[in-house]
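Going by the numbering used here, the sequence shown opens with residue 590, and the numbers climb by one from there.
All residues carry an ideal CB built from backbone N, CA and C; glycine is no exception.
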Amino acid sequence: MNEQDNEESGQNPTGDGIARESSPFINSAEMDRGNMYEGKNMALFEEEMDSNPMVSSLLNKLANYTNLTQGVVEHEADEDTKRKEVKVPRMGTFIGVYLPCLQNILGVILFLRLTWIVGTAGVLESFIIVFMCCACTMLTAISMSAIATNGVVPAGGSYYMISRSLGPEFGGAVGLCFYLGTTFAGAMYILGTIEILLTYISPSAAIFKAEDGGEETEAMLNNMRVYGTCIIILMAVVVFVGVKYVNKLALVFLACVILSIIAIYAGVIKTAFDPPDFPICLLGNRTLSKRSFDICAKFTESNNETKTTTLWRLFCSSSLHNATCDDYFSLNNVTEIQGIPGIMSGVLIDNLWSAYSEKGSIVEKKDQPSVSGSEDMKIGGRPYVFTDIMTYFTMLVGIYFPSVTGIMAGSNRSGDLKDAQKSIPTGTILAISTTSFIYLSCIVLFGACIEGVILRDKFGEAVNGNLVVGTLAWPSPWVIVIGSFFSTCGAGLQSLTGAPRLLQAIARDGIVPFIQVFGHGKANGEPTWALLLTAGICEIGILIASLDSVAPILSMFFLMCYMFVNLACAVQTLLRTPNWRPRFKYYHWTLSFLGMSLCLALMFICSWYYALIAMLIAGCIYKYIEYRGAEKEWGDGIRGLSLNAARYALLRVEDGPPHTKNWRPQLLVLLNLDCEQLVKHPRLLSFTSQLKAGKGLTIVGSVLQGTYLDKCTETQKAEENVKALMAVEKTKGFCQIVVSPSFRDGISHLIQSAGLGGMKHNTVLMAWPQSWKRTENHFSWKNFVDTVRETTAAQQALLVAKNIDLFPTNQERFTEGNIDVWWIVHDGGMLMLLPFLLRQHKVWRKCKMRIFTVAQMDDNSIQMKKDLQMFLYHLRLNAEVEVVEMFENDISAFTYEKTLMMEQRSQMLKQMQLSKNEREREAQLIHDRNTASHLTPAVKASVAASVPEKVQMTWTKEKFVAEKHKNKDTNVSGFKDIFNMKPNQSNVRRMHTAVKLNGVVLNKSQHAQLVLLNMPGPPKNRKGDENYMEFLEVLTEGLDRVLLVRGSGREVITIYS
């Protein structure tokens, strides 16, 4: 009854006391417990109700779940308190995805560079460029649709999708690349805005004027820098003050873009029956810039008088007829042709092929007759139309690619959509289809309507400084000029709005420590610091000043982002992750792989050195997050990939022993923990990392005494402490804590079962039990000796570090000294290998290796030394060799006495242990009797029934005294026997060896930094275990740092290659 009351009042801990994983739906601790299981229908589950809620309450929570900027609550639970109630999202596919994608994709390149790309690359190659780029974005959109429909995508769009699919390292690297791409896109739009303003709207507004014809480009770049800096400050202020106004103006800017495109199509239709009048002036086959003159002729007739024109004066020394003129000007005629002959004119045939050129070359019409003259005067000051940069196919790909970016605009708004899983695929793929059609049709139409020389005239100098696309538009070129100006302005503002939010999302995830400051912002969540950084990076793009130089930079970052979206989809599909269940079904890993390959190819096609720089930046961010970033478990695909690779590798690794050449110590390190679950000997882990240097397998194990249910929390705490120490000591490996009723069994379990498949340990490393002589530590030496026996039985090597607390830390460096190896018996060459491995580490690198071996009476010590030197030569080990002669002589009185003392002590301990056991038994009985007297009558009967052997005996005073005297008499007689005993001869011989060998070792190696010794095996007769400990103690007495080595019985080092 009491138990039931406690349970209903909520005081009893839940079921098994095991903490559950937190979840946005399964955390109903605050819910009214009464409501959870009214009635007794679910009484069977009531103990688990507060950790596993009823299905009805779970479904209720799911129904009320909104997907706006919440993040996955499992990982962002701490943000819950800061989030405010949000209005229900209302946007559908058209408004929420299709139009934003359309606005982001169509932009500055279409108006300012597409005609020039068509003229330079020709219709066919331009078609290939656009088709490649559009195919790349379409494949990426298919992959993105699969990821976006695989569960709820909170705000954060592409960054969120990649980081949750590929893990924090890839997510951070790609997220920052996408951020840089968006930021440089802002710079490109601003440069486009200024180019439209200064070239087509108000050329007189230029601050820097070109005095000489050749300086025009430099003056233009300086104007870009000044105006760009002013505009970026203005835009940053606008974004800072009112981001909501930017979003409201988005539709206005989009209307400008759509009107401009309609104007282009209308103009194309008009050219079929009424081409616009845009004459261009040619001298021979060279195009002339009409900015410097108005009449396209050498002479004009006025009042029956022939006068020279402005054009004449530009090529000749004076306006007189007999003036000295430019050779080419004299030999060639001036002709005027229509710039836009119209769609029916057949100009498409001329524009099919490419016309790449060097920087500073004159734009020429291919099939126009001309006579080349001697170019004695410099052509730089002449009114020709020059190319401003060198052109080639791959460069044009880099310039064009930014015009197909912007496909993520819909997924970035996933938080505002009514049904993101339906809208994102439909809207994005429709937008890409629409824009691809617009771009591909525009290429054909431009090539069919406009004369090639005008197409190659980047800034429209041959048509009075008009925008080339504008000349085609109907009703007026100004429709395009004004429309493109506003659309580039809007796109720049949107980049400055979107990029800081992306950076804020990455910063708030906490995976890149150095950008966490950018996660903060104004009280309403506006990212102020991120906006400042974005404006600063934008300014770098502005200072580059050339649209054609900035475009390839952002192409790289976007291509890298798209590549990883494809990789994420391919990895998830190939791994068949149970959670990979996209609603969008029209994807396949081959498409994702093709998209990824195309992205990578386009990166190197655009600019191989920019591609390498972008990869280097992403690689650096990846490694930085890997080493410094917070550990995040997002259930990402790379973790799944690692698991698959590990499984494959484990299956490939044979379960048998490796070849001698591949043998290295795979360590099981046995640690002792104190009552606080802290490691007693941290230097054991330091020594492990020095021995392993991060290679091979390391399993750090420890045993807690008790049962797992009782020790569950202690186990977790112990594991955390051990892992923390492993991180400090840079020990790369795995931690395994075992709970067992006895230490002895726990260590046995570890030795038998640690590791997996072929990845099992072959060597056990442990510390020498320093306190084995103390009476209260009766079991420590027994456990130790049993461990030695078990490693031998398991055919594993054993390393025992004596005086482990004197071993060096990883920060210490030995500048001199020796590592001495005492090779008494050969057990597989372990003694040779260990010093070699240790000397790979900085701590031991400057120590020299010395090998000592012991010669008996009938050994030839000189020959032994030669043989040993030859053996080491073949093993490729550098070491000094010394053979120590140890002659048999009479056993000293000291040895005899030491053995006697050892045996007497052992016997005495046994007697004391017996009497201690008796006393413990008496105390237990009295304790049980007292306990029974205090119990309630109801419980007394049950206790009596459960422990009858303890309660049935009644102690009287007489019995107690008699028992005491009996024990006392037994003890006295036992102690008398001890003082009359004689030592065992076998023990005397063993003690003699230990004493003699210790003397020799001390003589040679007392000042060595480390001494490695063969560890003798324990006696077959278990009664001598304690004496065995004494022998080892005597053997290593007086040495600072000792490593006792016991081989596994197999060869671990070989002379063969």
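| query | Looking only at its own chain, which residues have a Cβ that is under 8 Å from the Cβ of Ala861, when we skip the five neighbours before and after it? | reply | The count along the sequence shown starts at 1 and reaches residue 861 at position 272. So the list reads Gly931, Ile932 and Met933, once near-sequence residues are dropped.
| query | Under 8 Å between the Cβ atoms of Tyr748 and Gly764? | reply | Within the sequence shown, numbered from 1, the residue matching residue 748 stands at position 159. Within the sequence shown, numbered from 1, the residue matching residue 764 stands at position 175. Taking a C-beta distance under 8 Å as the contact criterion, Tyr748 and Gly764 qualify as a contact pair.
| Length of the line joining the Cα atoms of Val1033 and Trp1118 | On the sequence shown, position 444 is the one that residue 1033 refers to. On the sequence shown, position 529 is the one that residue 1118 refers to. Computed Cα separation, rounded: 46 Å.
| query | Three-state secondary structure (DSSP) at Leu1633? | reply | As a position in the sequence shown, residue 1633 is number 1044, starting the count at 1. In the structure shown, Leu1633 sits in a strand (DSSP, three-state: E or B).
| field | Buried versus exposed, by CB contacts within 10 Å (16 or more), Gly1290 | value | Within the sequence shown, numbered from 1, the residue matching residue 1290 stands at position 701. With 16 or more other CB atoms across the displayed protein chains lying within 10 angstroms of its CB, Gly1290 is buried.
| request: Write down the C-beta distance between Phe1603 and Ile1440 rounded to the nearest angstrom, noting that I regard them as a contact closer than 8 Å. | output: Position 1014 of the sequence shown, counted from the start, is the residue given in the question as residue 1603. Position 851 of the sequence shown, counted from the start, is the residue given in the question as residue 1440. According to the sequence shown, residue 1603 is Asn rather than Phe. For Asn1603 against Ile1440, the beta-carbon gap comes to about 12 Å, at or over 8 Å, which does not count as contact.
| request: Could you check which residue in Cys1209, Glu953, Ser1181 and Ala724 has the C-alpha nearest to that of Glu758? | output: The sequence position of residue 758 within the sequence shown is 169, counting from 1. A check of alpha carbon separations from Glu758 across Cys1209, Glu953, Ser1181 and Ala724 identifies Cys1209 as the nearest.
| query | From Ile1336 to Val1258, what distance separates their C-alpha atoms? | reply | On the sequence shown, position 747 is the one that residue 1336 refers to. On the sequence shown, position 669 is the one that residue 1258 refers to. Here the alpha carbon of Ile1336 sits roughly 11 Å from the alpha carbon of Val1258.
| query | Buried or exposed: where does Pro792 fall if 16 or more other Cβ atoms within 10 Å of its Cβ makes it buried? | reply | Against the sequence shown, residue 792 aligns to sequence position 203. Residue environment analysis places Pro792 among the exposed positions, since fewer than 16 neighbouring C-beta atoms fall within 10 angstroms of its C-beta.
| field | Simplified DSSP assignment, three categories, for Asn1261 | value | Translated into the one-based positions of the sequence shown, residue 1261 becomes position 672. Asn1261 carries a coil assignment under DSSP once its states are collapsed to helix, strand and coil.
| request: Taking the CB atoms as reference points, tell me whether Leu1189 and Met1152 lie closer together than 8 Å. | output: As a working note, residue 1189 is residue 600 in the sequence shown. As a working note, residue 1152 is residue 563 in the sequence shown. Pairing Leu1189 with Met1152 gives a Cβ-Cβ distance under 8 Å.
| said: Asn940 and Leu1044 - do their beta-carbons sit closer together than 8 Å? | reply: Counting from 1 along the sequence shown, the entry for residue 1044 is found at position 455. Counting from 1 along the sequence shown, the entry for residue 940 is found at position 351. In this structure, Asn940 lies closer than 8 Å to Leu1044 by Cβ.
| request: Determine, using beta carbons only, whether Gly1344 and Leu1274 come nearer to each other than 8 Å. | output: Along the sequence shown, one-based indexing puts residue 1344 at 755. Along the sequence shown, one-based indexing puts residue 1274 at 685. Against a cut-off of 8 Å, the Cβ pair of Leu1274 and Gly1344 comes out as no contact.
| query | Comparing alpha-carbon positions, which option in Leu1466, Leu1354, Ile1104 and Ser732 lies nearest Ile1013? | reply | For the purposes of this step, residue 1013 is identified with residue 424 of the sequence shown, where counting begins at 1. Answer by Cα proximity: Ser732.
| query | Would you report the Cα separation of Ser1329 and Cys1264, rounded to the nearest angstrom? | reply | For this step, residue 1329 is matched to residue 740 along the sequence shown. For this step, residue 1264 is matched to residue 675 along the sequence shown. For Ser1329 and Cys1264, the distance between alpha carbons rounds to 16 Å.
| task | Could you please give the first and the last residue of the uninterrupted beta strand (DSSP E) stretch that includes Lys896? | result | Here residue 896 refers to the residue found at position 307 of the sequence shown. In the DSSP annotation of this structure, the continuous segment of the beta strand (DSSP E) that includes Lys896 starts and ends at Glu894 to Thr897.
| task | State the Cα-Cα distance for the pair Asp1046 and Ile1104, rounded to the nearest angstrom. | result | Numbered from its first residue, the sequence shown carries residue 1046 at position 457. Numbered from its first residue, the sequence shown carries residue 1104 at position 515. Distance between the alpha carbons of Asp1046 and Ile1104 is about 44 Å.
| query | In or out: Glu1309 buried (at least 16 other Cβ within 10 Å) or exposed? | reply | Numbered from 1 along the sequence shown, position 720 holds the residue referred to as residue 1309. Its Cβ having fewer than 16 others within 10 Å, Glu1309 is exposed.
| When the Cα atoms are used, what is the spatial distance from Thr704 to Asp916? | Position 115 of the sequence shown, counting from 1, holds the residue named residue 704. Position 327 of the sequence shown, counting from 1, holds the residue named residue 916. Taking the straight line from one Cα to the other gives about 32 Å.
| task | Tell whether a beta-carbon distance below 8 Å holds between Ala776 and Ile1131. | result | Counted from its first residue, the sequence shown places residue 776 at position 187. Counted from its first residue, the sequence shown places residue 1131 at position 542. Yes.
| said: Helix, strand or coil for Glu890? Go by DSSP, reduced to three states. | reply: For the purposes of this step, residue 890 is identified with residue 301 of the sequence shown, where counting begins at 1. Glu890: strand per DSSP, three-state reduction.
| So who's on the other strand from Gly1290, going by DSSP bridges? | Position 701 of the sequence shown, counted from the start, is the residue given in the question as residue 1290. Checking the DSSP bridge columns, you'll see Gly1290 partnered with Leu1259 and Gln1325.
| field | Of the listed residues Met1438, Ser752 and Ser1073, nearest to Ile853 (C-alpha basis) | value | Residue numbering aside, residue 853 sits at position 264 when the sequence shown is read from its first letter. The residue with the shortest Cα to Cα distance from Ile853 is Ser1073.
| field | Within the segment 1382–1448, ranges of the alpha helix (DSSP H) (whole runs, at least 4 residues) | value | Contiguous alpha helix (DSSP H) elements confined to the segment 1382–1448 occur at 1419–1427, taking only those with 4 or more residues.
| said: Spatial neighbours of Lys887 within its chain, please: C-beta separation below 6 Å, excluding the five flanking residues on both sides. | reply: What you label residue 887 is simply residue 298 of the sequence shown in a count that begins at 1. Scanning its chain for C-beta atoms nearer than 6 Å, with the 5 sequence neighbours on each side dropped, one finds around Lys887 the residues Trp901 and Val923, in chain order.
| Hey, Ser906 and Thr898: beta-carbon distance below 8 Å or not? | Looking up residue 906 in the sequence shown gives position 317. Looking up residue 898 in the sequence shown gives position 309. Between Ser906 and Thr898, the gap from beta carbon to beta carbon reaches 8 Å or more.
| field | Status (buried if at least 16 other CB within 10 Å, exposed otherwise) for Gln1305 | value | Position 716 of the sequence shown, counted from the start, is the residue given in the question as residue 1305. Exposed is the call here.
| Can you tell which of Val707, Thr983, Gly1099 and Cys1324 has its C-alpha closest to the C-alpha of Glu1040? | One-based indexing of the sequence shown puts residue 1040 at position 451. Nearest C-alpha to Glu1040: Val707.
| query | Taking the alpha helix (DSSP H) that Thr1179 falls in, what are its first and last residues? | reply | Here residue 1179 corresponds to residue number 590 of the sequence shown, with the count starting at 1. Thr1179: member of the alpha helix (DSSP H) spanning Trp1178 to Cys1195, first to last residue.
| Would you say the segment 1001–1011 touches the segment 1157–1167, given that touching needs at least three Cβ pairs under 8 Å? | At 8 Å Cβ cutoff, the stretches do not touch.
| Quick one: what's Leu1345 bridged to in DSSP? | Along the sequence shown, one-based indexing puts residue 1345 at 756. According to DSSP, which records beta bridges pairwise, Leu1345 is partnered with Met1348.
| field | Other residues of its chain near Leu1314: CB distance less than 7 Å, five sequence neighbours each side excluded | value | As a working note, residue 1314 is residue 725 in the sequence shown. Excluding sequence neighbours, Leu1314 sits near Val1268, Pro1271 and Leu1274.
| said: For Gly1054 and Leu786, what's the separation of their Cα atoms in angstroms? | reply: Numbered from its first residue, the sequence shown carries residue 1054 at position 465. Numbered from its first residue, the sequence shown carries residue 786 at position 197. A straight line joining the alpha-carbon of Gly1054 with that of Leu786 spans about 12 Å.
| Can you name, in chain order, every residue of its own chain whose Cβ lies under 8 Å from the Cβ of Ile783, other than the five neighbours on each side? | Here residue 783 corresponds to residue number 194 of the sequence shown, with the count starting at 1. Taken in chain order, the residues that qualify are Asn812, Met813, Tyr816, Gly817 and Ile820.
| request: Quick one: give me the first and last residue of the alpha helix (DSSP H) that Leu838 is part of. | output: Within the sequence shown, numbered from 1, the residue matching residue 838 stands at position 249. Start and end: Val832 to Phe862.
| said: Are the CB atoms of Phe700 and Ser908 within a distance shorter than 8 Å? | reply: Within the sequence shown, residue 908 is the residue found at index 319, counting from 1. Within the sequence shown, residue 700 is the residue found at index 111, counting from 1. Cβ distance not < 8 Å, so Ser908 and Phe700 don't count as in contact.
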